[in-house]
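Numbering (the numbering used here), first residue to last: 343 to 494.
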């Protein structure tokens, strides 16, 4: 397997292409081991590509997820949470993931809080609020076009 190190002459697109190529041609655990270091890259595009690849190996993704949630840089925490979309959480970690996401709703960085909200909505698709378009349908407006509550 190719040893993947970020070369100074590579731009982030080349690195992402190499990560994706490696994911399709190598053993999942070997790829995960090589890719783990890229989930904390300073480049968001590289982090997201690494999370997509790690998603195919949930055990490795879980460990990386926990490590990234400890980082000071909000982008790393945000992308770790967003990375949950790319992998199936092992049953033994479901409760812990829910607790981490719930805790992330109170994170100091707005981008982390927003990512946590989006992932929570993905995890519980029936629990979202009524979309704004449905709440303001013509049937819920009075003759002047103002929104009103309908009592049944």
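Cβ coordinates follow ideal geometry from the N, Cα and C atoms, glycine included.
Since we're looking at a predicted model, the values are computed, not measured.
Take residue i as the anchor and find which of the options has the nearest alpha-carbon.
| i | options | result |
| --- | --- | --- |
| residue 381 | 439, 371, 364 and 410 | 410 |
| residue 384 | 450, 414 and 374 | 414 |
| residue 357 | 369, 371 and 395 | 395 |
Does the distance from the CB of residue i to the CB of residue j come in under 8 Å?
| i | j | result |
| --- | --- | --- |
| residue 456 | residue 443 | no |
| residue 420 | residue 453 | yes |
| residue 422 | residue 407 | yes |
| residue 364 | residue 376 | yes |
| residue 458 | residue 446 | yes |
| residue 439 | residue 426 | yes |
| residue 429 | residue 403 | yes |
Give the range of the alpha helix (DSSP H) segment to which residue i is assigned.
| i | result |
| --- | --- |
| residue 417 | 416-425 |
| residue 407 | 400-410 |
| residue 446 | 436-446 |
| residue 460 | 452-465 |
| residue 430 | Neither: residue 430 is in no alpha helix (DSSP H) and is coded neither H nor E. |
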